[in-house]
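My numbering puts the first residue of the sequence shown at 1, with every later residue one more than the last.
Each residue gets a CB set at the ideal place from its N, CA and C atoms; glycine is no exception.
Since this is a predicted model, take the numbers as computed values, not measurements.
Comments concern the structure below.
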Amino acid sequence: MNAIELAAFSDLFHAATLNCFGHAMAYSLSETESRLLSTRILEETGLVIGWKSLKNYSIYIAGEGNSKAENPSVSSLDTLARFVMHAPYTNEAERKKIAGHYPFWFEYKNHFALDITEESDNIGSVKETSVTKQKKPLYGKLFWLMLFSILLAGGIVYFEKTSDRKAFKADFSTVNLLKSGWSIKNPDTVYWSRHLENPGYLTLFTLRGDSWPDTLPIQPAIRNLVYRKLSGSAHFTTSIYMDDFLPSARWQQAGLILMEDTSPTAKNARISVAYNDEFGGYHQSPEIIVQVITSLGPGCDKPEEIAHHLLFKTDSIVANPGLTQNFNHTALRIERNGNHYRVLYASGASRNTAFHEVVTRDLSFNPKYAGIFALKGYVDDTAVMAVKFKSVEINAE
């Protein structure tokens with residue numbers, strides 16, 4: 001591949017990861033992420049790029065270690081371009097029959113080359129001779145190719161440095177999510193359009209979905225999951241603060257989740273304030289709980305509830321309606337010290353209520369992302385409820 005083709009390939013691969021994960025690639029893909037990208041490409045194009053190839057591409061583009069040069073086949077480049085350009089579904093035999101000249105890759109590459117040439121042509125207003133103008137496209141391409149490479153490398157370093165800040169605090173009354181390192185996964189555009197409807201808060205909704213693998217033939221997914229990259233430190237504290245959240249129907253909950261990667265089957269641990277009315281066939285009053293769930297097993301298909309902390313039974317509200325004031329302000333916190341995790345909860349009528357320990361546990365778990373979520377599991381008849389998040393804090397040693 002020549003220099004222009006390599007630059008176009010890098011740009012195309014970044015576009016493909018953005019299309020799949022909803023955020024730019026800042027480092028090489030994990031095996032799980034590579035498998036997910038391969039699956040998404042197959043599902044949307046009908047064509048195959050092996051996950052190992054995708055992982056090697058990402059290592060090369062991220063420039064990690066002693067990554068060897070990659071020379072993807074034209075068919076693989078065309079498949080990536082089809083994925084990014086949302087081309088019609090096909091299969092390999094059909095593509096060979098009617099599109100064996102791989103038009104999507106060449107269209108993407110040509111547009112990429114044209115864009116950097118046009119940008120170079122627009123710089124400056126000095127009049128040029130016809131000879132200079134004939135040479136300029138080549139010089140423009142070389143200039144912008146070098147600039148692209150510098151910016152790509154610099155952008156990765158900048159992203160890593162800004163993402164790895166030791167202390168981070170976002171007050172949702174002022175922060176612009178997408179401009180401060182946050183991403184949205186599995187967007188539901190109808191409800192996401194309402195995320196600013198409560199001034200001073202990030203508003204999420206308890207939509208259908210879960211990170212808990214279910215018996216249904218679907219992958220786990222939390223809609224409108226808002227997340228950001230952690231520092232990579234093995235010692236950190238992350239906290240979220242929400243107001244006026246008191247779940248009132250089966251499986252409604254909201255809270256904080258840590259994830260090893262952004263794929264549906266990633267290892268994860270979460271804490272939430274939740275409504276529970278499942279008692280194994282016994283009749284009891286529904287309860288409001290703080291629940292801590294991990295999904296860390298092989299394939300992450302066997303979640304474990306490591307804490308089920310009762311706050312109160314709902315029938316007690318009838319006798320003491322003032323209990324609801326305890327949910328004026330709620331905070332959830334996860335502390336990590338190596339493999340030792342400590343989970344805490346605070347709630348009360350005022351914001352300065354002290355934290356209480358819910359559970360401590362040693363976990364073989366190395367989270368790279370922290371997320372904010374609201375969900376109602378797969379219970380269709382449970383109402384959708386708004387959840388107001390006030391702020392989030394992440395502090396690392």
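CB of residue i within 9 Å of CB of residue j, strictly
i, j, result
"Leu114", "Ile372", "no"
"Leu375", "Ala254", "yes"
"Thr314", "Ser285", "yes"
"Arg270", "Tyr378", "no"
"Pro72", "Trp212", "no"
"Leu230", "Tyr369", "yes"
"His308", "Asn276", "yes"
"Gln291", "Ala274", "yes"
"Val84", "Phe245", "no"
"Asn320", "Gly348", "no"
"Ala396", "Ser173", "no"
"Ile293", "Ile306", "yes"
"Leu12", "Phe112", "yes"
"Leu37", "Arg82", "no"
"Phe365", "Asn339", "yes"
Straight-line Cα distance separating residue j from residue i
i, j, result
"Ser295", "Ser272", "14 Å"
"Phe389", "Leu258", "17 Å"
"Ser30", "Thr17", "12 Å"
"Thr237", "Gly22", "25 Å"
"Gly399", "Ser391", "There is simply no residue 399 to check, as the chain begins at 1 and stops at 397 in what is shown."
"Leu311", "Thr360", "18 Å"
"Leu54", "Cys20", "13 Å"
"Leu332", "Ser58", "35 Å"
"Pro367", "His14", "23 Å"
"Gln134", "Gly181", "Because the pLDDT at Gln134 is just 37, under 50, the model does not fix this residue reliably, and the value given afterwards should be weighed accordingly. Spanning the two alpha carbons is a distance of roughly 42 Å."
"Asn2", "Met25", "23 Å"
"Glu287", "His356", "19 Å"
"Asn337", "Pro103", "52 Å"
"Ala221", "Asn186", "7 Å"
"Asn56", "Gly50", "10 Å"
"Ser10", "Gly63", "11 Å"
"Thr353", "Leu323", "15 Å"
"Arg228", "Lys52", "26 Å"
"Asn91", "Leu80", "14 Å"
"Thr206", "Arg95", "42 Å"
"Pro264", "Trp192", "20 Å"
"Ser183", "Thr262", "11 Å"
"Val190", "Glu260", "28 Å"
"Val126", "Asp78", "Caution is warranted here: a pLDDT of 40 is assigned to Val126, below 50, making its placement in the model unreliable, and the coordinate value is therefore given only provisionally. Going by the C-alpha atoms only, they are around 39 Å apart."
"His195", "Ala170", "15 Å"
"Ile98", "Thr45", "15 Å"
"Ile334", "Arg342", "6 Å"
"Ala249", "Ser28", "41 Å"
"Arg40", "Gly281", "40 Å"
"Gln252", "Gly297", "25 Å"
"Ser434", "Met242", "Because residue 434 is not part of the residues shown, which for the chain are 1 to 397, the question remains open."
Residue i - partner residues in DSSP beta bridges
i, result
"Leu202", "Phe389"
"Ile61", "Bridge partners of Ile61: none, in fact."
"Tyr227", "Ser183, Gly371"
"Leu256", "Ile271, Ile372"
"Glu305", "Ile293"
"Ile240", "Leu332, Val392"
"Glu287", "Asn276, Lys313"
"Leu207", "Leu375"
"Asp171", "Ser391"
"Ala221", "Asp210"
"His14", "Paired residues: none, contrary to the question."
"His235", "Asn337"
Cβ-based burial, residue i [other Cβ within 10 Å; buried from 16]
i, result
"Ile240", "buried"
"Arg223", "buried"
"Asp362", "exposed"
"Thr382", "buried"
"Ile218", "exposed"
"Val384", "exposed"
"Phe168", "buried"
"Val226", "buried"
"Phe279", "exposed"
"Lys109", "buried"
"His101", "exposed"
"Asn268", "buried"
"Pro88", "exposed"
"Tyr60", "buried"
"Ala8", "buried"
"Val358", "buried"
"Glu197", "exposed"
Distance cut-off 8 Å: residue i Cβ against heavy atoms of the ligand NAP
i, result
"Phe236", "With respect to small molecules bound, the structure shown includes none, and the ligand NAP cannot be examined in it."
Ranges of the beta strand (DSSP E) found wholly within the stretch 319-396, counting only runs of at least 3: Runs of the beta strand (DSSP E) inside the stretch 319-396: 329-337, 340-348, 356-362, 369-375, 386-396.
Length-filtered (4 minimum) alpha helix (DSSP H) runs lying within the stretch 27-101: Listed in chain order, the complete alpha helix (DSSP H) runs (minimum 4 residues) inside the stretch 27-101 are 31-45, 51-62, 74-85, 92-98.
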